[in-house]
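To convert a position in the sequence shown, counted from 1, into this note's numbering, add 25. The C-beta atom is built at its ideal place from N, Cα and C for all residues, glycine as well. Since the model is a prediction, treat every value here as computed from it, not as a measurement. Report on the structure given below.
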Amino acid sequence: MTAQKEIQNKVFTGSILMLISRMVVKSIGLVSSIILARLLLPEDFGIVAIAMAIYAFIDLFGAFGFGTVLIQKQNATVTDYNTAWTFKLLFGLCAAALLVLLAPWVAVYYQDPRLTAVIYTISLMAVLSGCTNIGVIDFQKNLDFRKELKLQVIPKLLSFSCTMVLVVVLGNYWALVFGMLVNEALNVIFSFYMNAFRPRFSLASARELFGFSKWLMLNNAIDYINKKVPILLTGQLLDSKAVGLFSVGEEIALLPTSEIAAPINRATYPVYAKLKDDKAELRKAYLNTINLSASISLPAAAGIAFLAPLLVPTVLGPVWVPMTEMMQWLALAGFVISLSSNVGYVFMATGSPRYLVFTNVLRAAIFIPALYFFIKLYGLTGIGYALLLAASILMVVTHISIARLVALDAFAVLKVTLRAIAASTLMCLALYGFQLLAGNWPDLLLLLSSVALGAVVYGSLLLLFWQLAGCPDSLEKMIVSRYLPGLMPKDNSTT
26 MTAQKEIQNK VFTGSILMLI SRMVVKSIGL VSSIILARLL LPEDFGIVAI AMAIYAFIDL
86 FGAFGFGTVL IQKQNATVTD YNTAWTFKLL FGLCAAALLV LLAPWVAVYY QDPRLTAVIY
146 TISLMAVLSG CTNIGVIDFQ KNLDFRKELK LQVIPKLLSF SCTMVLVVVL GNYWALVFGM
206 LVNEALNVIF SFYMNAFRPR FSLASARELF GFSKWLMLNN AIDYINKKVP ILLTGQLLDS
266 KAVGLFSVGE EIALLPTSEI AAPINRATYP VYAKLKDDKA ELRKAYLNTI NLSASISLPA
326 AAGIAFLAPL LVPTVLGPVW VPMTEMMQWL ALAGFVISLS SNVGYVFMAT GSPRYLVFTN
386 VLRAAIFIPA LYFFIKLYGL TGIGYALLLA ASILMVVTHI SIARLVALDA FAVLKVTLRA
446 IAASTLMCLA LYGFQLLAGN WPDLLLLLSS VALGAVVYGS LLLLFWQLAG CPDSLEKMIV
506 SRYLPGLMPK DNSTT
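Written out as structure tokens, the structure is:
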């Protein structure tokens with residue numbers, strides 16, 4: 026097997042393992058959210074969402090991106106690791122102190138005294154986060170995604186069990202708060218248990234690490250504006266109930282972005298770093314990644330958008346119905362975001378992190394004014410309109426940029442995503458016809474049947490279109506060659 030082929034297989038295997046890890050973690054979180062949504066009120070979620078937005082604001086000042094630096098720097102030393110950990114720990118302590126000082130002021134601003142105690146408690150998460158063993162970065166750097174999967178899944182399973190017990194005992198938003206605290210503590214414990222590296226206090230590599238990470242820090246600050254300002258702005262323009270509806274609706278609607286594209290991006294970044302000096306292989310790896318991401322995220326986004334009117338009242342309950350239309354638009358925006366999110370990792374791998382800053386500044390410049398405007402006009406649904414508008418403009422800009430970097434032709438991305446687009450469109454048409462024929466089926470049965478039918482129709486059409494296209498190198502080929510070798514043409518059967 027050639028070195029290039031081995032790397033391609035690692036991209037696929039790593040992406041699938043990271044996807045499994047992320048989907049297991051998110052499935053646990055989603056089940057938790059569904060159960061909690063049945064037991065708690067939107068206001069409970071709103072209180073925690075506001076507190077976590079404040080936490081994220083403080084945390085972004087310590088988001089040095091040292092993990093990304095250590096992956097990009099192939100010859101990183103023990104001193105580099107120790108310096109990165111030291112900065113994380115020091116910042117965690119400072120962030121906790123700042124959160125304690127800000128808590129009363131936040132409660133006054135949002136006219137909700139409950140926020141004070143919640144933020145006091147959440148401040149402990151900053152300390153725990155700073156203690157996490159920096160050595161676990163090697164799981165990604167060395168493409169050891171099986172260990173990364175265990176590190177992601179095991180603490181989440183344990184904290185989920187703890188949260189379920191807490192919600193029964195406490196019956197309010199404190200179950201969410203303590204559940205997150207337990208999860209952070211377990212992350213620290215397992216980071217030291219699973220990796221033999223023992224960090225020590227050091228600042229010796231500070232200048233060298235900051236030379237790269239300063240752009241990542243600035244990018245994280247802008248990223249906060251894009252991700253957390255909507256929560257704060259919704260709370261200010263509407264109310265805490267709207268924040269709760271937005272928080273839960275976004276979590277479900279953006280599954281294709283946060284839980285499918287994100288783990289694929291995480292797996293491919295170290296591969297891009299190894300290919301950064303070979304433009305042809307880098308271009309091939311990027312297109313394979315876009316194909317993989319689109320093939321999974323598009324049907325998920327289309328399915329969420331189409332089934333939202335049935336899914337929300339059936340699974341979450343009637344109190345959550347006002348977020349349905351917003352969810353549909355957010356799901357479509359999520360797919361658009363997933364097509365452009367991987368571009369930044371190519372630029373980081375090639376030593377150009379400032380590109381991330383540019384794209385995030387552009388997104389904020391479009392998204393935040395549009396958000397204010399659309400919320401004023403359309404209320405909660407306006408959030409979906411604003412995100413879709415910003416994501417669409419940004420997708421065009423990012424693909425022009427990556428085309429210049431790796432010499433892509435104008436229709437390269439369309440070629441690798443066209444099969445997924447066609448299959449997803451026909452899937453939605455099939456679901457529409459099925460629901461017309463189903464008539465008065467019970468809602469839960471109709472929902473489960475629609476999900477199963479959609480998966481079968483999409484998977485079958487995707488394989489059909491792949492064969493009609495001549496069985497090109499793609500996600501379909503990797504899956505068929507491994508699990509359905511009988512469908513492979515004889516002259517195209519090797520991996």
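DSSP three-state label for Ser-506, please.
Ser-506: helix per DSSP, three-state reduction.
Sort Ala-428, Gln-136, Val-161, Leu-439 by Cα distance to Pro-224 and report the nearest one.
Among Ala-428, Gln-136, Val-161, Leu-439, the Cα nearest to that of Pro-224 is on Val-161.
For the alpha helix (DSSP H) holding Trp-491, just list the boundary residues, first then last.
Element bounds for Trp-491: 468–493.
Residue ranges of each alpha helix (DSSP H) run of no fewer than 4 residues wholly in the region 137–175, ordered along the chain?
Counting whole runs of 4 or more residues, the region 137–175 contains the alpha helix (DSSP H) stretches 139–156, 162–166.
Tell me which residues share the same chain as Tyr-135 and place their Cβ nearer than 7 Å to its Cβ, disregarding the 5 neighbours each side in the sequence.
Result list for Tyr-135: Ile-75, Gly-260, in chain order.
Determine whether the beta carbon atoms of Ala-411 and Ile-247 lie at a separation below 8 Å.
No.
Just to confirm my understanding: we take Ala-286, look at its own chain, exclude 5 residues before and 5 after, and list those with CB closer than 6 Å. What are they?
Only Ser-318, Ser-322, Ser-363, Ser-366 meet the Cβ criterion.
Buried or exposed for Lys-253, please, with buried defined as at least 16 other CB atoms from any protein chain shown within 10 angstroms of its CB.
Burial call: buried.
Note down, in chain order, each residue of its chain lying with its Cβ closer than 7 Å to the Cβ of Ala-120, except the 5 sequence neighbours on either side.
Here the set comprises Ile-83, Asp-84, Gly-87, Ala-151.
Are the CB atoms of Gly-407 and Leu-355 within a distance shorter than 8 Å?
Against a cut-off of 8 Å, the Cβ pair of Gly-407 and Leu-355 comes out as no contact.
If Val-73 and Val-143 are in contact, beta carbons under 8 Å, what's the gap, nearest whole angstrom?
That belief holds up - the Cβ atoms of Val-73 and Val-143 are roughly 7 Å apart, short of 8 Å.
Considering only the alpha carbon of each residue, which of Thr-384, Ala-395, Gly-404 lies closest to Val-421?
Of Thr-384, Ala-395, Gly-404, the residue nearest in Cα terms is Thr-384.
Rounded to the nearest angstrom, what separates Asp-498 and Ala-298 at their Cα positions?
In a straight line, the C-alpha of Asp-498 is about 22 Å away from that of Ala-298.
How is the alpha helix (DSSP H) around Ser-525 delimited, first residue to last?
This structure leaves residue 525 out entirely; the chain is present only between 26 and 520.
Would DSSP call Lys-266 helix, strand or coil?
Helix, per DSSP.
Let me know the secondary structure DSSP gives Tyr-410 once reduced to three states.
Of the three classes helix, strand and coil, the one that applies to Tyr-410 here is helix, per DSSP.
To the nearest angstrom, how far is it from the Cα of Ile-315 to the Cα of Arg-139?
Approximately 44 Å between the Cα atoms of the pair.
Would Thr-102 be called buried (16 or more neighbouring beta carbons within 10 Å of its own) or exposed?
So Thr-102 ends up on the exposed side.
Do Gly-155 and Phe-116 come within 8 Å of each other at the CB atom, strictly closer than that value?
The answer is yes: Cβ separation under 8 Å.
When the Cα of Thr-450 is compared with those of Ala-325, Asn-251, Leu-95, Phe-436, which residue comes out closest?
Nearest C-alpha to Thr-450: Ala-325.
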